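Worksheet: one structure, shown below.
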Amino acid sequence: FQYRSINHRVDSKSLWLYRWYYSRTCQWILSLTITIILALAFIENPSSLTITSDVRYRLPAWNPPCGLTESIELLCFLVFTVDVSVKSYKKRWTEFWKNKWLMAYIKKLIISLADWIVSLSFFCTESVRIRRILRPFFLLQNSSMMKKTLKSINSTLPEMGSVVLLLAVHLSLFAMFAMLLFARTKDGQQDKEWVGYFRNLPDSLTSLLVLLTTANNPDVMIPAYSKNRAYSIFFILFTVLGNLFLMNLLTAIIYNQFRGYLLKSVQSSLFRRRLGIRAAFEVLSFLRETPANAQQLHVSAGALLQVLQKVEMDSRCKRAIMRSLKICSCDQLSAAQFQKLFEELDKDAIKQHPPSPEYQSQFMQKMQFAFGHPCFGYLGNVVALANIVSICVVLVMDAEKQPSERDDFFLGAINCFFILYYLLEMLLKILAMGLKRYLSYPSNRFDGLLTVILLVLEVATFVVYGFPHPGWRPEFKGLLSLWDMVRLVNMLIVFRFLRIIPNMKFMALVVTTLLDLVKNLRAFAGILVVVFYAFAITGIMLFRGAVVPFGNIRLLIFLLQTSLYIKETVVLYFKEKCVFMVLFDCFQADVVYCLLYFRWAKIYFVAWWLISSVIWVNLFVALLLENFIHKWDRRCHREPLSDIEYQRTVDLMFRDVLEEPTEEELMEKLHQHPHLQLCR
Numbered sequence: 001f002q003y004r005s006i007n008h009r010v011d012s013k014s015l016w017l018y019r020w021y022y023s024r025t026c027q028w029i030l031s032l033t034i035t036i037i038l039a040l041a042f043i044e045n046p047s048s049l050t051i052t053s054d055v056r057y058r059l060p061a062w063n064p065p066c067g068l069t070e071s072i073e074l075l076c077f078l079v080f081t082v083d084v085s086v087k088s089y090k091k092r093w094t095e096f097w098k099n100k101w102l103m104a105y106i107k108k109l110i111i112s113l114a115d116w117i118v119s120l121s122f123f124c125t126e127s128v129r130i131r132r133i134l135r136p137f138f139l140l141q142n143s144s145m146m147k148k149t150l151k152s153i154n155s156t157l158p159e160m161g162s163v164v165l166l167l168a169v170h171l172s173l174f175a176m177f178a179m180l181l182f183a184r185t186k187d188g189q190q191d192k193e194w195v196g197y198f199r200n201l202p203d204s205l206t207s208l209l210v211l212l213t214t215a216n217n218p219d220v221m222i223p224a225y226s227k228n229r230a231y232s233i234f235f236i237l238f239t240v241l242g243n244l245f246l247m248n249l250l251t252a253i254i255y256n257q258f259r260g261y262l263l264k265s266v267q268s269s270l271f272r273r274r275l276g277i278r279a280a281f282e283v284l285s286f287l288r289e290t291p292a293n294a295q296q297l298h299v300s301a302g303a304l305l306q307v308l309q310k311v312e313m314d315s316r317c318k319r320a321i322m323r324s325l326k327i328c329s330c331d332q333l334s335a336a337q338f339q340k341l342f343e344e345l346d347k348d349a350i351k352q353h354p355p356s357p358e359y360q361s362q363f364m365q366k367m368q369f370a371f372g373h374p375c376f377g378y379l380g381n382v383v384a385l386a387n388i389v390s391i392c393v394v395l396v397m398d399a400e401k402q403p404s405e406r407d408d409f410f411l412g413a414i415n416c417f418f419i420l421y422y423l424l425e426m427l428l429k430i431l432a433m434g435l436k437r438y439l440s441y442p443s444n445r446f447d448g449l450l451t452v453i454l455l456v457l458e459v460a461t462f463v464v465y466g467f468p469h470p471g472w473r474p475e476f477k478g479l480l481s482l483w484d485m486v487r488l489v490n491m492l493i494v495f496r497f498l499r500i501i502p503n504m505k506f507m508a509l510v511v512t513t514l515l516d517l518v519k520n521l522r523a524f525a526g527i528l529v530v531v532f533y534a535f536a537i538t539g540i541m542l543f544r545g546a547v548v549p550f551g552n553i554r555l556l557i558f559l560l561q562t563s564l565y566i567k568e569t570v571v572l573y574f575k576e577k578c579v580f581m582v583l584f585d586c587f588q589a590d591v592v593y594c595l596l597y598f599r600w601a602k603i604y605f606v607a608w609w610l611i612s613s614v615i616w617v618n619l620f621v622a623l624l625l626e627n628f629i630h631k632w633d634r635r636c637h638r639e640p641l642s643d644i645e646y647q648r649t650v651d652l653m654f655r656d657v658l659e660e661p662t663e664e665e666l667m668e669k670l671h672q673h674p675h676l677q678l679c680r
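Here full-length UniProt numbering is used: position 394 in the sequence shown is 394, and no number is missing along the way.
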């Protein structure tokens, strides 16, 4: 059910250990341990436990005493030791040495423990701790989908490398061309472009690399453009070739290659599932006596039912398999029938909505028809739009007014009227659909929750500040002022307007694609967390103490020549754990030019930009395109059913193009199983 490999020990003791290891309790403990060891970076020296990140105003951060975080680390290492021991026990000795992930796991643990001993011997005063950089590996090795995604990325690297090499050639040629075009002249007043951006080859490469991210556009072009308009042709050509052609070509290559490798990975997952089902059939077939002259093996339906009762799998799949088994009404199942039963695992997860209540009264039936009709929902959308427009009008009228000049009566009265309508609409829908059916729709849960919150806020406003009336500006009471309460209500009303999305088919398609993407994005998000964490810890070790506010004269001159924003950014970012914000801004190619002021740090930030903004973003685009194209094709071939919702995963996304393994392939693989001895 979980697409796991069956190449492990299958004796009773090993299987008991296997089930114990994959139980919810053990997996929860392992996940909690990984979370704790990753979170230690936020309280270790330098600590990030402060309310404000501004070094000018914040109080000294709390730094834990020596031995506190180290004790927590030791407990985590003990859990990881148990984890790797169980994983190693399941394998044969020959398979153990061939498993690269397992060997890497052991090496990382040994290095981490050695570094932990070094820390204690130095009484926690050392600034470089290698084990911090290795911590994300524990998250990576615990997820099969993350390892699968990483393997796909690794397989895509040669093709990506060719485009990155072409990008480097593009940068180098234009950098040399820029040094010739903007060479130093006798007139120093005309050399602003040379002084600022193209003084030497490293500066030229840096300026054009940042221009490729558009972070310094059009600043890099202004001095030359002011001198001669024709110089803009150089920058336009560079941007068009780099951004429009090479970067989009990289996206296309990553999409094509990554989709292919991800498809292969999903194909291997399907093979593991089919192999596991066939192995289960072979084992169950030997639980009953088979005649020596029997041409085919069979499985008793009763034995299968007994096993299914104990198997931990999705309840929907288990019910579907049992239902199919009862419909089959066969006492003995062949291999083909056995395999067909488990095809329920490959189907879409279908959620059917409960039926509406049946009323006996003629009047109630008419009420149910009227308020359960889609037109009633459209009327609610029109009312919500009118509410948004009224709020917008009031905000525009009061935009320039002082708080003392504002009259909150009009806005308060409008909100009161619309919230009462929302409450009435929710109650009428519950009356027409029934509570269970109403709550089965995500849009109704979203709408109802916001309506209840708005009602509670409105009642609280009336209790604290009274009912709206002309000149309604009472004194501040409680936790929030009247204006704060009104603003909070208005923000929720604006947010509630998203209820129109299910009624707009194309917008609903886009939103469901994004929601499915979020569900299937755990592996990508996990890899991004791994890279973020490793680069952040490396940045702390490299740049901690590199920038001291008002302590570096050379830096101070630089800051005085720049804006207040850049000054606060540089001083703040390089201080302590704010390196996370540095990486996030570089991820958006936002302050790269500011960070590259430190020449020797260019390698660090360029490497981060390539990994995060170039490779990872394009991988995200590839998955987004695949998900959207898949949903678009399904929309074109099949009309959506109003009472049925389909939920897709990455594995089901490729289901239509996967190839079923043959009988010969499955049996050949089973006979190669190191621990499962079959009689035929």
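Idealized CB from N, CA, C, for every residue including glycine. It should be emphasised that the depicted structure is a prediction, and the values quoted were computed from it without experimental measurement.
Check	Outcome
Spatial distance of Ala168 from Trp608 (CA atoms)	16 Å
Alpha-carbon to alpha-carbon, Ser12 and Ser144	25 Å
Inter-residue CB distance, Ser434 and Pro354 (contact presumed, cutoff 8 Å)	In the sequence under discussion, the amino acid at residue 434 is Gly, which differs from the Ser named in the question. Correct: roughly 7 Å between the Cβ atoms.
Leu113 versus Ile611 - alpha carbon distance	29 Å
His671 to Gln677 span [Cα, whole Å]	7 Å
Met160, enclosing alpha helix (DSSP H) - first and last residue	Ser144 to Leu181
Bridge partners - Val299, DSSP secondary structure assignment	Leu333
DSSP beta-bridge partners of Gln309	Note: Gln309 sits in no beta bridge, so no partner.
Distance between beta carbons of Asn217 and Leu208, contact taken as under 8 Å	In fact, because the Cβ distance is near 11 Å, the residues do not count as touching under 8 Å.
Gly302 burial status per 10 Å Cβ neighbour count (16 or more: buried)	exposed
Check whether Leu120 and Phe80 have beta carbons under 7 Å apart	no
Local Cβ density within 10 Å of Val396, reported as buried at 16 or more and exposed below that	exposed
Ile29 - DSSP class collapsed to helix/strand/coil	helix
Short Cβ contact (7 Å threshold) for Arg132 with Ile527	no
Close beta carbons around Tyr533, own chain, < 6 Å, minus the five adjacent residues each side	Pro136
Outcome for Thr185 when other beta-carbon atoms lying within 10 angstroms are tallied against a minimum of 16	exposed
Spatial distance of residue 700 from Phe535 (CA atoms)	The structure shown does not extend to residue 700, since the chain is modelled only from 1 through 680, so no value can be given for it.
Short Cβ contact (7 Å threshold) for Phe338 with Phe281	yes
Supposed close pair Leu454, Arg445 - CB separation, criterion 8 Å	The Cβ separation is near 15 Å, so there is no contact.
Inter-stretch contact (C-beta, 8 Å, three-pair minimum) for the segment 57-65 and the segment 13-24	no
Reduced DSSP secondary structure (H/G/I, E/B, other) of Ile537	helix
Beta carbon of Asn387 nearer than 7 Å to that of Ile493	yes
Residues of its chain near Thr562, where Cβ-Cβ distance is below 7 Å and the 5 sequence neighbours each way are ignored	Because the pLDDT of Thr562 is 43, which lies under 50, any placement of that residue in the model is unreliable, and the number read from its coordinates should be weighed accordingly. Nothing meets the Cβ criterion.
Separation of Leu180 from Asn228, as counted between CA atoms	16 Å
Cβ pair Met146, Ala523 closer than 7 Å	yes
Limits of the unbroken alpha helix (DSSP H) element including Asn228	First-last for Asn228: undefined, no H or E at that position.
Of the residues Met221, Asp191 and Asn243, the one placed nearest Phe235, counting alpha carbons only	Met221
Exposure of His298, with buried meaning 16 or more beta-carbon neighbours within 10 Å	buried
Per-residue burial, Thr33 [other beta carbons within 10 Å of its own, 16 or more giving buried]	buried
C-beta atoms of Leu205 and Leu237 nearer than 7 Å	no
Cβ separation of Ser265 and Lys98, assumed to be a contact under 8 Å, to the nearest whole Å	Ser265 to Lys98, Cβ: 19 Å. No contact.
Residue nearest to Trp616 in terms of C-alpha spacing, selected from Ile29, Ile254, Leu244 and Val118	Ile254
For Tyr197 and Leu38, the rounded distance between their alpha carbons	40 Å
Alpha-carbon to alpha-carbon, Thr239 and Pro202	19 Å
Val463 versus Gln362 - alpha carbon distance	41 Å
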